[in-house]
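Sequence lines, in order, name chains A and B.
Just so we're aligned: 134 in the working numbering is position 55 of the first sequence, and the numbers increase by one with no gaps anywhere.
Just so we're aligned: 334 in the working numbering is position 255 of the second sequence, and the numbers increase by one with no gaps anywhere.
Ideal Cβ positions, reconstructed from N, Cα and C, are used throughout, including at glycine.
2 protein chains.
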Amino acid sequence: MPLILTAVQGFPLVKSGDDLVGLTVQALSASGLTLLDGDILVFAQKIVSKAEGRWVNLATVTPSHRALELAQQIEKDPRLVELILKESRAVLRTRPGTIVVEHRLGFVCANAGIDHSNVAGVGTADEEWVLLLPEDPDTSARRLRDGIQTHFGVSIGVMIIDSHGRAWRLGTVGVAIGLAGLPGLVDLRGKPDLFGYRLRITQVGVADELAAGASLVMGQAAEGTPLVHVRGFPYPLREASLVELLRPLDQDLFR
Amino acid sequence: MPLILTAVQGFPLVKSGDDLVGLTVQALSASGLTLLDGDILVFAQKIVSKAEGRWVNLATVTPSHRALELAQQIEKDPRLVELILKESRAVLRTRPGTIVVEHRLGFVCANAGIDHSNVAGVGTADEEWVLLLPEDPDTSARRLRDGIQTHFGVSIGVMIIDSHGRAWRLGTVGVAIGLAGLPGLVDLRGKPDLFGYRLRITQVGVADELAAGASLVMGQAAEGTPLVHVRGFPYPLREASLVELLRPLDQDLFR
């Protein structure tokens, strides 16, 4: 069976407090897409954050001394720097405009994943709002999955993704930031290959591979669609959480 | 149009000197898969290396002093360490069993991408052969593309992929190591988003996103298939090379 990734067209603009399960059911129906056991729905972080009201009005943020210093050093809005620091456990590197952090959710990303583009639609024109990542994307994914499964009477996986840069390659790629009901890693260590050799480097980041593929069909600009329907995921679904994709600090060679 | 990734079943074991274009034409036909303008074929590095005869018999390798020292330090076969160093421009980090290098091809990866599993099929049972990456994967991709385009009379993209680990996340993911006829990056900088904001972080690593998706359907173990047929890639095809995906050293915060 092929892997089929379909961008769900016509997803409405999401507002704080919106019922994402309801909007998803409507958008799938309007697109003529069905859900079967084993299918996966991939949500862009942005709409989950919006529905959860993760907006912050920059006018309400008072930068700390540390934020002011760092902001001057890297030429960035000190209020935004304050939010980035608040959302993070550690600063790994900085350069003009960018702070690479360990996010409080455990992964490494730029600017704590705080979104400053394509996030208008709240407040008045002279206000500046930014959008934080969901409070707990694993829980958000589980809630979405429970609601959608109940509605359709099927067993599916749900993933929330964001776009991350990479240390040594240009261009962002989609990565998982929240998982429900699909494996983060598939561990093929020890399975014999065609010639009976033991495989070596064979923990595969299957959720991130799917996240990248889904990100590709979402697009990033005005024509973007925040929901992707996946059929044909080649591994059995199971319970999981994002933490299985995070490299423990004691295995990290690059901090 | 959805993005459809189909693992091409029944690809034969590839030997040194095999005609990959011919094998690809046969495997596509046997699978009932057609090629249309805009389709992409994704090849696992392994079969390209095999066809190009990139085998090395470890018995023929004499480790240098540097390789002997490093091998003892990280508990690895000194002959393999010698090959890793020879295939690399720089060593970034080491830990037991692993040398993270800048490969001579420009990307950062573990153990210079030299494959020690699933690569038998040459030599006698008591010999140990390993498989290097293709000499020049962009050129390999271009050659494959030219041959396949000529046979089918269509305009397609061809990509060669490998599996790489990540600095801060567990699990390997598929990444491009050679490109012909499809973009590595799509640059959406400056395009207005839904609300007229200028987009900011919007160089998207579309080739790597596709590589990850293709890797997902290839699998890694005995049931793996080294060729994936892609329909519905959402960006226009164009000439490109791997170098556009490589972060220049002066933008690198993590060496």
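{"Query": "Confirm, please, whether the CB-CB distance from residue 323 of chain B to residue 295 of chain A is below 8 Å.", "Result": "no"}
{"Query": "Give the residues of chain A in contact with residue 331 of chain B, contact being defined as C-beta atoms less than 9 Å apart.", "Result": "246, 247"}
{"Query": "How many Å lie between residue 227 of chain B and residue 214 of chain B at the Cα?", "Result": "20 Å"}
{"Query": "If you count every other CB in all the chains shown that lies within 10 Å of the CB of residue 124 of chain A, and 16 or more means buried, which is it?", "Result": "buried"}
{"Query": "Roughly how many angstroms lie between the CA atoms of residue 222 of chain A and residue 236 of chain A, to the nearest whole one?", "Result": "11 Å"}
{"Query": "What does the alpha-carbon distance come out to for the pair residue 220 of chain A and residue 240 of chain A?", "Result": "10 Å"}
{"Query": "Distance cutoff 8 Å, beta carbons only. Does residue 138 of chain B sit that close to anything in chain A?", "Result": "no"}
{"Query": "Quick one: what's got a C-beta closer than 6 Å to residue 149 of chain A's C-beta in the same chain, skipping five residues either side?", "Result": "160"}
{"Query": "With DSSP collapsed to three states, give me the class of residue 287 of chain A.", "Result": "helix"}
{"Query": "Run through chain A and tell me which residues come within less than 8 Å of residue 294 of chain B, C-beta to C-beta.", "Result": "283, 288"}
{"Query": "Contact criterion: CB-CB distance below 8 Å. Does residue 325 of chain B meet it with respect to chain A?", "Result": "yes"}
{"Query": "In angstroms with no decimal places, state the Cα-to-Cα distance between residue 122 of chain A and residue 251 of chain B.", "Result": "22 Å"}
{"Query": "Is residue 325 of chain A closer than 8 Å to residue 185 of chain A when the C-beta atoms are compared?", "Result": "yes"}
{"Query": "For residue 103 of chain A, decide whether its Cβ has a neighbour in chain B, counting only Cβ atoms nearer than 8 Å.", "Result": "no"}
{"Query": "On the three-pair Cβ rule with 8 Å, is the region 158 to 173 of chain B touching the region 130 to 146 of chain B?", "Result": "yes"}
{"Query": "List the whole-angstrom C-beta distance separating residue 310 of chain A from residue 259 of chain A, where the pair is believed to meet the contact cut-off of C-beta under 8 Å.", "Result": "Between residue 259 of chain A and residue 310 of chain A the Cβ distance is about 18 Å, and since that is not below 8 Å, they are no contact."}
{"Query": "Please confirm whether residue 122 of chain A has its beta-carbon closer than 8 Å to some beta-carbon of chain B.", "Result": "no"}
{"Query": "Indicate whether at least one CB of chain A lies closer than 8 Å to the CB of residue 85 of chain B.", "Result": "yes"}
{"Query": "Quick one, are the C-beta atoms of residue 82 of chain B and residue 312 of chain B less than 8 Å apart?", "Result": "yes"}
{"Query": "Could you give the DSSP three-state label for residue 122 of chain B: helix, strand or coil?", "Result": "strand"}
{"Query": "Along the beta strand (DSSP E) that carries residue 309 of chain B, what are the first and last residues, could you check?", "Result": "306 to 310"}
{"Query": "Can you give the Cα-Cα distance for residue 248 of chain A and residue 254 of chain B, rounded to whole angstroms?", "Result": "10 Å"}
{"Query": "Mind checking which residues open and close the beta strand (DSSP E) that includes residue 241 of chain A?", "Result": "236 to 243"}
{"Query": "Which bits of chain B does residue 187 of chain A rub up against, with CB to CB less than 7 Å?", "Result": "247"}
{"Query": "Who does residue 82 of chain B pair with in a DSSP beta bridge?", "Result": "A:84"}
{"Query": "Any beta carbon from chain B within less than 8 Å of residue 172 of chain A's own beta carbon?", "Result": "yes"}
{"Query": "From the DSSP output, in three-state form, read off residue 193 of chain A for me.", "Result": "coil"}
{"Query": "In this structure, does DSSP put residue 140 of chain A in helix, strand or coil?", "Result": "coil"}
{"Query": "Compare the C-beta of residue 252 of chain A against all C-beta atoms of chain B and say whether one is closer than 8 Å.", "Result": "yes"}
{"Query": "Only counting the same chain, and skipping five residues up and downstream in sequence, which positions put a Cβ closer than 6 Å to that of residue 231 of chain A?", "Result": "114"}
{"Query": "Under the assumption that residue 52 of chain B contacts residue 172 of chain B (Cβ atoms under 8 Å), give the Cβ distance between them as a whole number of angstroms.", "Result": "Residue coverage of chain B in this structure runs from 80 to 334, which leaves residue 52 of chain B outside it and unanswerable."}
{"Query": "How big is the Cα-Cα spacing for residue 183 of chain A and residue 206 of chain A?", "Result": "27 Å"}
{"Query": "Mind listing the chain B neighbours of residue 237 of chain A? Cutoff is C-beta to C-beta under 7 Å, in chain order.", "Result": "Here the premise fails: no neighbours, minimum Cβ distance about 17 Å."}
{"Query": "Give the range of the alpha helix (DSSP H) segment to which residue 169 of chain B is assigned.", "Result": "No alpha helix (DSSP H) holds residue 169 of chain B; the beta strand (DSSP E) holding it covers 167 to 174."}
{"Query": "What are the boundary residues of the beta strand (DSSP E) that includes residue 109 of chain A?", "Result": "Looking at the DSSP string, residue 109 of chain A is not in any beta strand (DSSP E); the run it does join, the alpha helix (DSSP H), is 99 to 109."}
{"Query": "List the residues of chain B that residue 91 of chain A touches, going by C-beta distances under 7 Å, in chain order.", "Result": "What residue 91 of chain A touches in chain B: nothing, since even the nearest Cβ is about 12 Å away."}
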